[in-house]
Amino acid sequence: MMASAFQRAKALPVSGKVGLALVIFWLAVAVFGPMLAPYPVGAFVAYDVFDGQSAKHWLGSDYLGRDVLSRLLSGARYTVGLAAAAALLASTTGTALALTAAVGGAKVDEPLSRFMDMLISIPSKIFSLVLVAAFGSSLGLLLLIAAFTYVPGNYRIARALAVNLAQMDYVQVARARGEGRFHIAIAEILPNMIHPLLADFGLRFVFIVLLLSGLSFLGLGVQPPDADLGSLVRENISGLGEGALAILAPAVAIATLTVGVNLLIDAIGFSGKGKGR
Amino acid sequence: MDGQPPFSRRDLIGAGLGLGAGLLLPDGARAASKPRVGGRIRVASLSSSTADTLDPAKGALSTDYVRHYMFYSGLTQLDRNLVPRPALAERMESADQINWHIRLRRGVTFHNGAELTSADVVWSLLRHKDAATGSKMAQIAEQFAQVKATGRHDLTIRLTGPNADLPTILAQSHFLILRAGTRDFRTANGTGPYLCAQFRPGVRTLARRNPNFWKPGKPYLDEIELIGIPDEVSRVNALLSGDVQLVIAVNPRSTKRIMASRGHGLLETQSGLYTNLIMRQDQLPTGNPHFVAAMKYLLDRPLIKRALYRGYATIGNDHPIPPFHPYYRADLPQTSLDLDKAKWHLQRAGLTGVRLPVYASPAADGSVDMASILQEYGSRVGLKLAVNRVPGDGYWSTHWMKHPLGFGNTNPRPTADLLFSLFYKSDAAWNESGWKNPRFDRLLLEARGEADQARRKQLYGEMQGLVRSHCGVGIPVFISLIDGYDRRLKGLYPVSLGGLMGYQFAEHVWWEG
Amino acid sequence: MSEALHVEVKGLTVTARNAAGEVFPIVSGIDFALKRGEVLALIGESGSGKTTIALTLLGHARPGATIAGGSIRVGEHDLTRLDRAALAQLRGNRIAYIAQSAASAFNPSRTIMDQVIEPALIHDLMPRAQAEAKAVELFRALALPFPDTIGARYPHQLSGGQLQRLMAAMALITDPELVILDEPTTALDVTTQIEVLRAFKAVVLERGATAIYVSHDLAVVAQMADQIVVLSQGRIREAGAAAQILHAPADDYTKTLMAAARPAIRPAPEKIALPAAPLLEIRGMTAGYGKIGKDGRPRIPVLRDINLTIERGATLGVIGESGSGKSTIARVIAGLLPPASGQVLLDGEALPPGLQGRSRDQFRRVQLVFQNADTALNPAHSVGRILARPLAFYHGLKGNAARMRVLELLDLIRLPATLIDRPIGGLSGGQKQRINLARALAADPQLILCDEVTSALDTVVGAAILELMAELRRELGITTMFISHDISTVRAICDDILVLYSGTMVETGPRTAFGVAPFHPYTDLLIGSVPEMRAGWLEESHAGAAPPPIGEISDHPDLCRFLPRCAARVDGLCNTTPPPRRPLTKGSQILCHHGDESLCPL
Amino acid sequence: MAGASTRSGMSAALTLIGKRFASSLLTLLLVSMTIFVIAQLLPGDAAQEALGQSATPEQVAALRHEMGLDRPAHVRYVSWLAGMVSGDPGQSLVANMPVSEVIAERLPNSLLLAALSALVAVPVALAIGIGSAMNRGGRIDRALNIVTLSMVAVPEFLVATIAVLIFSVKLRWLPSIAMASSDMGWGDYLRGVAMPILTLSVIVIAQMARMTRAAVIDQMDRPYVEMAVLKGVAPVRIVLRHIMPNAIAPIVNAMALSLSYLLGGAVIVETIFNYPGLASLMVNAVTSRDMPLLQACAMIFCAAYLILMLIADVTAILANPRLRAQ
């Protein structure tokens, strides 16, 4: 298992390797970051705000004089974790509904599609604003919002795939064998959707990272003193004029994370397609 | 601020205008320049939404106050030292601080040409008592037992109890005078220095010079366009890029950028604005006096002043009177960060290791960061605070005063009496901490009717002491208000009631472009 | 070589790169030459490199492949030395290409005319009006219907045979000196193939263009080629004059190809003594798509009034061209399409019409084997998983017992046990089809419905599958319905044969009845359209001749479906009265106004 | 022939529009119900928000009565719905104006900004997508891939703020705030919205370009493209004349999805550039609990989305002769 994963990684094109390295790096930061942080996340350690790089503070200080490196190391886990969990939730929900629609016929498909239209047509940031105002801000709610926002997109893609696959001969064979709908959806259709769904998962991940940073602009986000990467950019935005590291560092972090995930997915999609031929 | 004139009613009111003009110039450069007529500026205030209004009674935000002072005039007007001066009222007299007689200035006309009469004033004042008006001053207006016209230009106000501060109260924007019977607030018909050329809620307000303004020669600008830019960074950028000439509420963190720009200046206004920690006295564990004491020792006031406000603040002492206020009691010892004492009090309260949520919101300026700071120090003395940041909208109705530990935010008030009666009186609706102190209540009533300044200062001083040591409110700093302006805009000076010269810049500034 | 040679290929090598990045040759050492006006055929099975070679004559290699060595001379040009622009100048101009599947080689969203005249326009050969006129002329020459207006149509509105001829028109619009025909009739029904071949021969070859004809079908090639090159795995096995290759092949591989192309008639296995009751019986079945109308017919009827029986252990061949509804019969029996009316009886007991209501045992007893093993086997599953699923589903076999049974099945279909854990993607076409068959066998069925199980395979591989099926039938005594478009195959292996045309049974009878005339006119066309492996057959065959003129056709719904194409139609009878079902003396039954006597003269 | 198929194309499109109209009404109803239900869960109401920190219970009660908020929720919903059906979206609780007037002021701004952004973004996205597809796997393709990835990788508020710092504060080329007012010339207006357009375009271009690339590449492996190559057709003509008619449907679909973001998703851009559009109006409506306004905004966004989807579907029909004939 490990060996084959390693071999696959070796077979990736250069861009895929860069992507993989970035993804692994950020996963590692997400897991071990808080342990590596030199200062507590909320500690006021620098006398000056928006300090530049120094031996004491590798990435300088933020708008309140806290250590940027420590905040970055602690904050990455929210962005990575929240986005990954929300993308996973969105993908599984969307795909499950799509499969239901594909094997359930028009009676299931039509109401589900209307429901998805509805979700998609309400602007997500405003929807988030309403939900946070109604239920209070919590990690769980942020997760749900992000997931909810991206269920319709996943549903559209998964449904198109599933409806196509449901016409495949092997599905007809399974039906003629007398298999139930559940078996057909799970054992026959789903395994053949995994590849495009993985690619979609990656895209959702990126979108969610950006949605979260967008939400942080509207003041919705992780509870202080912790902050996700988007909030770190947002709270230090007044340092932009002076080119403060406090804003550049988290911005670069978001960019490398999202670009890395995308590169990796593109590369996986590429080698996956090659295999199919 | 040492040349503060006494708050004596009878003599000063009616003494005419211009007293403050030559005094206390904070900026020598300003004296060199002579006001000139002309010019057009765009002003960015804090916010703008469909809730924008031309009804002074409904004014809720700085944008509203600025707008209202452009189009309407009040009976009185506060000068830069917060001394009430006659405006539409030529004279305002009372012997007992209960019955007030007002004589209106003659020949003042509304924008539509109608003459100002006592009927307009009576209507304008009494509408605050009508619940349907939705006045922000409904509570204060309850003091008006009777408002009655006694002549075309004379009227009397009878209060429910003595209040020496009435002239000051009437200078607030909410009590600006409307034409009697005004219902339609899509445009403004006032007696103010500017005419309303366009009003689009949430978009902009366009004001043109009122050539028939009752103060001869004023105002100076031809046109003012008032917009709201809620995002602070955008607001400052708009100033620096020359798209606006005056902005309110500059974040201290942006001051560096404005100071670095040659063409722009900062107007710092020391004010009584504060964001305070609320420890509800009717709930536990915050009701424990040791807990309250511990929290007050946990406030790192210099850090808050430095980190949050970059020095644009004045250190507070857990009572609402700022050091530059004439009634400030200087001999109270200053509470400062003391982790040992905090720890000791916590132990006495038996609260070491307890976990407590603290509610903060962008609605209470700086509270989120203050909460973070509290949390950081709390963790050093064994107090686990969990910061709960809640959205700004709905904060006042859902969270404020509803949690054991939270934050409030109090705007500057023109009188100490208003401040104390609104926020600290036992039965006040906004008695944020829910403390009850009969002695304090007695002192408050006594001070309100007291005309003797020295006695008044003594009474208010004792009240400050009571609040500092017993009330469940922690006031770390008084926040200075910072406005940014284009240096070609002249005539600005700070008025501690609010930014943009206590929201009244429009009447006083001129353009040297 | 002499000046007279028009096309000369020497030492041609084409390489490709695999997933690991290694470069390997897909064709190598190819030499051939032909004179102006000659036709050379490239013969081989899939993977032999015949299309790859054909494309190099346009200087083209598919993505991933590279022309790595050798020379390709066409007229005065060496194509390996030309740059992109120069090649583009030749393509569609002096060298034209006719693709295998015209249905997909035409752009679905542009009109035929646009596409046919495009080569003439982009090479600035003539103005649009002139090009259109020339196209219409070609349409007429190629015997296309409505030559004046067909150009305004879109590809989806035309049949495969028409598109193939239109593709020829597109190739010929620039009067090319070399035409490459890449399996131009492979995707067509035999009855269409003969028409297209005739048109090609008349128009393409008669104009004196040099041609390269790529095909896997020796009999077709025999009609067209002067020279034949036999390819296998990217190398030339044998090359020479057409007559020599066809009649005196020297290479063993060529001999194998020849043998596979002519399936041997197998003796019917002795029927096991079983009660005479038929295993499957279909009574008055009508099926189709869309809402069922008042008359009991669906909006788009596919099958009309089907009646058939299959005896226990027997094989019924169902034959018909694409769109005849032959696969639909299998789908109805399997329950995938509920019939609009009629009954399907298994072992005397009526099966519920659709999937709903069928018991697991009923499902087990009827197994469907799809035509294309590539799509019928779930690519996400392994061989073992595919075979184990029916075992678990029908027989509750799990774990080791299931594995043992899977190994037995692999042995039964002559595949090595090591394949058990392999993913489907890694298998060859023949191996996949065997797995496809084994999956049906795993259910332990009574009836297997085989839908075109050999048509997607190379001839040799297909022959091996037929061999296997015959063996299985002998060993297991399973009843089979064998659906095919290939009358030779059906005649070779089935006990009874049913000919389907446009959803109606036009002829049914025992195999023996299909060896001798008379036939139903459609059966006659079908049999007469199968190319014979000799030059000159195309000219001699009467199949596909134009039908006699006929008066107005009445709107009776049960008129003969074959009427528009029937060479034996009778005016005043066929176009007014529905045909009766009548027996012929040789033992079959036909749906026709003609009887023994009147059919004979044909 | 061609005329006939165009006509049948139109009638097919009309049938589709008819069907969509019915299902759109259903979707709109669903949206309005959802919004209404969620809004009921919001703490406070318009009366409380309007009176703010200083409200007394009596005042709140009085204002509530005046606003009609003292009626039960379902009664309010039904009366709103009844008004909506008769074409009247009601009275804004906060602005004291008919909702239609409030919206009428903002909607043109939003539509204009969205249209201009689409005008910039669509050609750029098409160019990037087609360019990289034609160069599949090549250097230009990879470079464009990195460019589009980086475009989505930066939070939009950062893009906007950086743009302001460069173009207004430093260079002073463009105004930092995009005022939209009727008395403005087109030149001033375009200068004002240049940066909002830039920011919005950056957000949507990447996604649209990637979808365009995928759709074009999907067609490139089809036999008809090889046929065109073998006819000697030049690459650019292959893409424009042969591939695009077949790839247009998925491309338009992806674009419609992305463009629907330009209306409701513009909230951050509207905030930063102080542009009076619908999205910030809707945020206003949320914070001030102005239900009729909120509902109206939601209806508009939903309708815009449905219209865009309809356009995509009609395009698909018109581009495909097979669907056209049905």
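Those sequence lines, one after another, are chains Y, S, X and Z.
Counting from 1, position 94 in the first sequence corresponds to residue 90 in my numbering; the numbering is continuous, with no gaps.
Take any residue in the second sequence, count from 1 to its spot, add 9: that is its number in my numbering.
Take any residue in the third sequence, count from 1 to its spot, add 136: that is its number in my numbering.
Take any residue in the fourth sequence, count from 1 to its spot, add 35: that is its number in my numbering.
A virtual CB, placed ideally from N, CA and C, is assigned to each residue, including glycine.
A quick note: this is a predicted structure, and the numbers were derived from the prediction, not measured.
Worksheet entry | Straight-line Cα distance separating S/L498 from S/S42 | Numbered from its first residue, the second sequence carries residue 42 of chain S at position 33. Numbered from its first residue, the second sequence carries residue 498 of chain S at position 489. For S/S42 and S/L498, the distance between alpha carbons rounds to 11 Å.
Checklist line | Anticipated Cβ contact below 8 Å, Y/F40 with Y/G56, distance rounded | finding: Here the question's residue 40 of chain Y lines up with position 44 in the first sequence. Here the question's residue 56 of chain Y lines up with position 60 in the first sequence. Cβ atoms of Y/F40 and Y/G56 stay farther apart than 8 Å, at about 14 Å.
Inset, instruction - Measuring only between beta-carbons, confirm whether S/S263 sits less than 9 Å from chain Z. - result: Working through the second sequence from its first residue, we reach residue 263 of chain S at position 254. Chain Z contact via Cβ: absent.
Does the CB of Z/R106 have a neighbour CB from chain B at under 9 Å?
Of the chains in the structure shown, none is chain B; the protein chains are Y, S, X and Z.
Using a threshold of 9 Å, state whether the C-beta atoms of X/L367 and X/G185 are closer than that.
Mapped onto the third sequence, residue 367 of chain X falls at position 231. Mapped onto the third sequence, residue 185 of chain X falls at position 49. It is a contact, given that the beta carbons lie within the stated cut-off.
task = With distances taken Cα to Cα, identify the nearest neighbour of X/Y349 among X/V175, X/L257, X/V252.
result = For the purposes of this step, residue 349 of chain X is taken as the residue at position 213 of the third sequence. That would be X/V175, whose Cα lies nearest to the Cα of X/Y349.
inquiry  = Pull the bridge partners of X/S368 from the DSSP assignment, please.
reply    = Residue 368 of chain X sits at position 232 when you count from the first residue of the third sequence. Beta-bridge analysis with DSSP links X/S368 to X/R371.
Fill in: Euclidean distance between Cα positions of S/L348 and Y/A245
Taking the second sequence and counting its residues from 1, the one referred to as residue 348 of chain S is at position 339. Taking the first sequence and counting its residues from 1, the one referred to as residue 245 of chain Y is at position 249. The alpha-carbon separation between S/L348 and Y/A245 amounts to approximately 34 Å.
- request: Run the proximity test for Y/A130: is its beta-carbon closer than 8 Å to any non-hydrogen atom belonging to the ligand NAD?
  value: The model on display carries no ligand, and the ligand NAD is accordingly not part of it.
Go through its chain and collect everything with a Cβ distance to Y/Y166's Cβ below 8 Å, but skip five positions before and after it. Locating residue 166 of chain Y in the first sequence gives position 170, counting from the first residue. Cβ within range, chain order: E184.
Could you tell me the distance, in whole angstroms, from the CA atom of X/R647 to the CA atom of X/K391?
Against the third sequence, residue 647 of chain X aligns to sequence position 511. Against the third sequence, residue 391 of chain X aligns to sequence position 255. Here the alpha carbons of X/K391 and X/R647 stand approximately 28 Å from one another.
- Message: Please list, in chain order, the chain S residues whose beta carbon lies closer than 7 Å to that of Y/Y59.
- Response: Numbered from 1 along the first sequence, position 63 holds the residue referred to as residue 59 of chain Y. Neighbours of Y/Y59 on chain S, chain order: R262.
On the criterion of 16 or more Cβ atoms from any shown chain inside 10 Å, does Z/I201 qualify as buried, or is it exposed?
In the fourth sequence, counting from the first residue as 1, residue 201 of chain Z sits at position 166. It is exposed - the Cβ of Z/I201 has fewer than 16 other Cβ atoms within 10 Å.
Limits of the beta strand (DSSP E) - the one that S/W109 falls within
Mapped onto the second sequence, residue 109 of chain S falls at position 100. Where S/W109 is concerned, the enclosing beta strand (DSSP E) stretches over 108 to 113.
Alpha carbon to alpha carbon, how far is Z/A117 from S/F432? Along the fourth sequence, one-based indexing puts residue 117 of chain Z at 82. Along the second sequence, one-based indexing puts residue 432 of chain S at 423. Going from the Cα of Z/A117 to the Cα of S/F432 covers about 45 Å.
So that I know if they touch, is there some Cβ in chain X lying closer than 9 Å to that of Y/D262?
Residue 262 of chain Y sits at position 266 when you count from the first residue of the first sequence. Closer than 9 Å to the CB of Y/D262 there is not a single CB belonging to chain X.
#### Entry: Cβ shell of Y/F131 (< 7 Å), same chain only, five flanking positions each side left out
Mapped onto the first sequence, residue 131 of chain Y falls at position 135. Excluding sequence neighbours, Y/F131 sits near L137.
Identify each residue in the stretch 217 to 238 of chain Y for which the Cβ-Cβ distance to at least one residue of chain Z is less than 8 Å, and report them in chain order. Under the 8 Å Cβ criterion, the stretch 217 to 238 of chain Y contributes G226, V229, R230, I233, L236, G237.
Establish whether the CB of S/S406 and some CB of chain Y are separated by less than 9 Å.
-> Along the second sequence, one-based indexing puts residue 406 of chain S at 397. Cβ-Cβ to chain Y under 9 Å: no for S/S406.
Compare the C-alpha of X/C586 against each of X/R500, X/D694, X/V597, X/L602 and name the closest. In the third sequence, residue 586 of chain X corresponds to position 450, counting from 1. The shortest Cα separation from X/C586 among X/R500, X/D694, X/V597, X/L602 belongs to X/L602.
* Is S/D36 buried or exposed, if buried means 16 or more other CB atoms sit within 10 Å of its CB? -> Taking the first residue of the second sequence as 1, we reach residue 36 of chain S at position 27. Unreliable placement is indicated for S/D36, whose pLDDT of 45 sits below 50; no coordinate value is reported for it.
Looking at C-alpha atoms only, which residue of Y/D44, Y/A249, Y/S11, Y/G48 is the closest neighbour of Z/A188?
What you label residue 188 of chain Z is simply residue 153 of the fourth sequence in a count that begins at 1. When each option's Cα is compared against that of Z/A188, the closest is Y/A249.
Which partner residues of S/Y283 appear in the DSSP bridge assignment?
-> As a working note, residue 283 of chain S is residue 274 in the second sequence. Residue pairing for S/Y283: DSSP places it in a beta bridge opposite S/T419, S/F487.
Check your understanding: What does Z/R257 reach in chain X if we use C-beta pairs closer than 8 Å?
Key -> Locating residue 257 of chain Z in the fourth sequence gives position 222, where the first residue counts as 1. Within 8 Å Cβ-Cβ: S240.
task = Using a Cβ-Cβ cut-off of 9 Å, state whether Z/R272 counts as contacting chain X.
result = Stepping through the fourth sequence from its first residue, residue 272 of chain Z is reached at position 237. Closer than 9 Å: yes.
Item to complete: For X/Y425, count neighbouring Cβ atoms within 10 angstroms of its own Cβ and tell me buried if that reaches 16, exposed if not.
Response: Translated into positions along the third sequence, residue 425 of chain X becomes position 289. Exposed is the call here.
Using beta carbons (cut-off 9 Å, strictly below), is S/D525 in contact with chain Y?
Any answer about residue 525 of chain S is impossible in this case: the structure gives chain S only from 10 up to 522.
Exercise for the section: Could you name the residues of chain S that Y/G71 contacts, counting a contact when the two beta carbons are closer than 9 Å? Expected result: Along the first sequence, read from residue 1 onward, the residue named residue 71 of chain Y stands at position 75. Correct list: empty, because the minimum Cβ distance to chain S is about 14 Å.
- prompt: With C-beta atoms as the reference, is X/M617 less than 9 Å away from X/T451?
  reply: Looking up residue 617 of chain X in the third sequence gives position 481. Looking up residue 451 of chain X in the third sequence gives position 315. Yes, these two residues count as a Cβ contact at 9 Å.
#### Entry: Alpha carbon of X/G613 to alpha carbon of X/V502, nearest angstrom
As a first step, residue 613 of chain X must be located in the third sequence, where it is residue number 477. As a first step, residue 502 of chain X must be located in the third sequence, where it is residue number 366. Straight-line Cα distance between these residues: approximately 14 Å.
- Straight-line gap, S/V367 to S/L307 (C-alpha atoms, nearest Å): Indexing the second sequence from 1 puts residue 367 of chain S at position 358. Indexing the second sequence from 1 puts residue 307 of chain S at position 298. Answer to the nearest angstrom: the Cα atoms are 14 Å apart.
Ranges of the beta strand (DSSP E) found wholly within the stretch 178 to 246 of chain X, counting only runs of at least 3
Correct list: 201 to 210, 231 to 234.
Range covered by the beta strand (DSSP E) that runs through Y/Y151: Position 155 of the first sequence, counting from 1, holds the residue named residue 151 of chain Y. Careful: Y/Y151 lies outside any beta strand (DSSP E), inside the alpha helix (DSSP H) at 135 to 162.
Check: Taking Cβ to Cβ, would you say S/I186 is nearer than 9 Å to S/G199?
Finding: The residue given as residue 186 of chain S occupies position 177 in the second sequence. The residue given as residue 199 of chain S occupies position 190 in the second sequence. Yes. Within cutoff.
| message | I'd like to know whether the C-beta of Z/M344 is nearer than 9 Å to at least one C-beta of chain Y. | response | What you label residue 344 of chain Z is simply residue 309 of the fourth sequence in a count that begins at 1. Taking Cβ atoms only, chain Y reaches closer than 9 Å to Z/M344, which makes this a yes.
| Helix, strand or coil: which one does DSSP assign to Z/I303? | For the purposes of this step, residue 303 of chain Z is taken as residue 268 along the fourth sequence, with counting starting at 1. DSSP places Z/I303 in helix when its eight states are reduced to three.
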